[in-house]
Amino acid sequence: MNSRQGLFEAALVAPPPAPAPGFRDITFHEQRARTLLNKIPGARPGGMAWTLNPYRGCTHACTYCFARDGHTRLGFDTGEGFNTQVVVKTNAAEVLRRELRGGKTGDDWVMVGTSTDCYQRAEGHYRLMPGILRTLADHRVNFTTTTKSALLRRDLGLFAEAARVANVLVMTSLGSLDERVWRAFEPGAAPPRARLATIAALRAAGVPAGVLVAPVIPHAGDRPAALDALVDACAEAGAVTVYPDIMRISPGARDWFLNQSAVHLPPHLHQRLAASYADSRAMPASYVREVTAHLHARAAHHGLPRWEDCIRGVGRRTSDSENPRLRNR
1 MNSRQGLFEA ALVAPPPAPA PGFRDITFHE QRARTLLNKI PGARPGGMAW TLNPYRGCTH
61 ACTYCFARDG HTRLGFDTGE GFNTQVVVKT NAAEVLRREL RGGKTGDDWV MVGTSTDCYQ
121 RAEGHYRLMP GILRTLADHR VNFTTTTKSA LLRRDLGLFA EAARVANVLV MTSLGSLDER
181 VWRAFEPGAA PPRARLATIA ALRAAGVPAG VLVAPVIPHA GDRPAALDAL VDACAEAGAV
241 TVYPDIMRIS PGARDWFLNQ SAVHLPPHLH QRLAASYADS RAMPASYVRE VTAHLHARAA
301 HHGLPRWEDC IRGVGRRTSD SENPRLRNR
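The sequence shown lines up with residues 1 to 329 when you count with UniProt numbering.
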């Protein structure tokens with residue numbers, strides 16, 4: 001994360017607003033952002049080149065979340081503070097419209113919600129995404145977003161409108177169908193079956209939708225039969241691609257992750273996770289290759305392309321003659 005992001009973009013509005021109904025233990029820090037789009041260093045032209053994050057902190061409370069590291073830069077702790085101290089960029093759509101007015105992103109893709117889920121519970125109260133989606137569609141910007149929330153279905157019509165004028169790919173993050181895994185590691189996110197229903201709803205609305213098979217949690221969600229069942233369910237829901245990602249634990253998340261696993265997991269599982277991530281943030285390369293290859297093979301069985309090929313295919317399907325973004329220039 002560069003120094004222009006987060007609270008370095010603008011001062012917090014004080015005092016924080018009163019919690020909305022149903023948010024008794026969560027504090028919202030409302031912020032008037034000066035910038036919203038962040039360029040990814042070294043991004044290739046026409047690729048995934050920009051990020052956009054209307055929220056920081058996340059009520060999904062996923063114990064492994066890499067974004068916990070960045071919460072210290074905002075003055076909050078990476079444990080319960082990440083789950084309950086949520087920064088809200090209340091003027092997100094206004095700033096985005098100003099930044100896009102001059103064609104800032106060109107034909108590059110914008111990744112919406114790379115730090116924390118833009119459809120976390122706070123979005124139900126602040127409703128930032130409709131304005132963001134309308135702005136992206138108005139400027140015919142290529143974009144992708146990833147979510148674990150069923151709230152995204154509220155905006156199906158807006159995603160469909162955007163997909164008619166630009167390249168759009170919505171990814172649902174789902175690492176296991178096992179509800180025990182969901183409750184232990186992602187307590188505030190939507191249940192697995194609700195995420196599959198979101199994929200199906202997006203596809204029925206004509207919006208390309210895939211699955212970030214993430215994270216695959218070693219020892220808890222990595223049995224071959226379970227992985228096969230997960231890919232099968234994604235294909236049945238209409239996913240256009242799957243992207244495997246094996247769990248990594250960032251330094252800022254490690255202590256919280258292991259503390260929560262000790263509290264909520266069977267002792268033998270906690271001990272295996274603690275041993276696996278004691279001296280490294282990732283599993284051995286051989287393990288990552290094996291699990292990734294297994295998931296790719298199962299996806300290929302269903303005719304699903306890899307994520308990179310899917311992105312290229314989306315661009316090819318929208319040719320110069322068919323793309324309103326190019327035809328109207």
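Note that beta-carbon positions come from the ideal geometry of N, C-alpha and C, so glycine has one too.
Just so it is clear, the structure is predicted and the values come from calculations on it, not from any experiment.
| request: Spell out a yes or no on whether the region 275-295 and the region 192-209 are touching, meaning 3 or more CB-CB pairs, one atom from each, closer than 8 Å. | output: At 8 Å Cβ cutoff, the stretches do not touch.
| said: Please report the straight-line C-alpha distance between residue 59 and residue 101, rounded to a whole angstrom. | reply: 32 Å
| query | If you scan the region 267-311 from start to end, which runs of the alpha helix (DSSP H) of 4 or more residues do you find wholly inside it? | reply | Within the region 267-311, the complete alpha helix (DSSP H) runs of at least 4 residues are 267-276, 285-301.
| query | Quick one, which of 193, 77, 243, 223 has its alpha-carbon nearest residue 236's? | reply | 193
| query | From residue 152 to residue 169, what distance separates their C-alpha atoms? | reply | 13 Å
| Reduced DSSP category for residue 334 - H, G, I as helix; E, B as strand; rest coil | What is shown of the chain runs 1 to 329, which leaves residue 334 out entirely.
| query | Taking contact to mean at least 3 C-beta pairs separated by less than 8 Å, is the region 152-168 in contact with the region 84-94? | reply | no
| said: Taking a contact to mean a Cβ-Cβ separation below 8 Å, would you say residue 346 touches residue 209 in this structure? | reply: The first residue shown for the chain is 1 and the last is 329, placing residue 346 beyond what the model contains.
| For the region 53-68 against the region 76-87, are there 3 or more C-beta pairs whose distance is under 8 Å? | yes
| task | Please list, in chain order, all residues of the same chain as residue 64 whose beta carbon is under 7 Å from its beta carbon, the five residues on each side excluded. | result | Only 185, 215, 247, 249, 253, 257 meet the Cβ criterion.
| CA-to-CA distance, residue 211 to residue 49, given in whole angstroms | 20 Å
| request: Would you identify the three-state DSSP class for residue 163, choosing helix, strand or coil? | output: Three-state DSSP puts residue 163 in a helix.
| query | Whose C-beta lies closer than 6 Å to the C-beta of residue 105 among residues of the same chain, with five residues either side of it excluded? | reply | Around residue 105: 50, 141.
| message | Give the list of continuous alpha helix (DSSP H) stretches no shorter than 4 residues that lie fully inside the region 63-103. | response | 68-71, 80-84, 92-100
| request: Tell me whether the beta-carbon of residue 217 lies closer than 8 Å to the beta-carbon of residue 173. | output: no
| task | Using 10 angstroms around the beta-carbon of residue 300, count the other beta-carbons present and answer buried if the total reaches 16, otherwise exposed. | result | exposed
| task | Give the DSSP-derived three-state secondary structure of residue 240 in the structure shown. | result | coil
| message | In whole angstroms, give me the CA-to-CA distance for residue 309 and residue 243. | response | 11 Å
| said: Please state the DSSP three-state secondary structure of residue 135. | reply: helix
| query | With respect to the alpha helix (DSSP H) encompassing residue 31, which residues constitute its N-terminal and C-terminal limits? | reply | For residue 31, there is no enclosing alpha helix (DSSP H); the enclosing beta strand (DSSP E) covers residues 27-31.
| said: Can you list, in chain order, the residues of its chain with a C-beta nearer than 6 Å to that of residue 171? Leave out the 5 residues immediately preceding and following it. | reply: 146, 210, 212
| residue 173: first and last residue of the uninterrupted alpha helix (DSSP H) it sits in | Note, residue 173: premise wrong, no alpha helix (DSSP H); beta strand (DSSP E) at 168-173.
| Distance, residue 219 Cα to residue 298 Cα | 20 Å
| Cβ distance (whole Å) where residue 136 is taken to contact residue 110 below 8 Å | 7 Å between Cβ atoms; contact.
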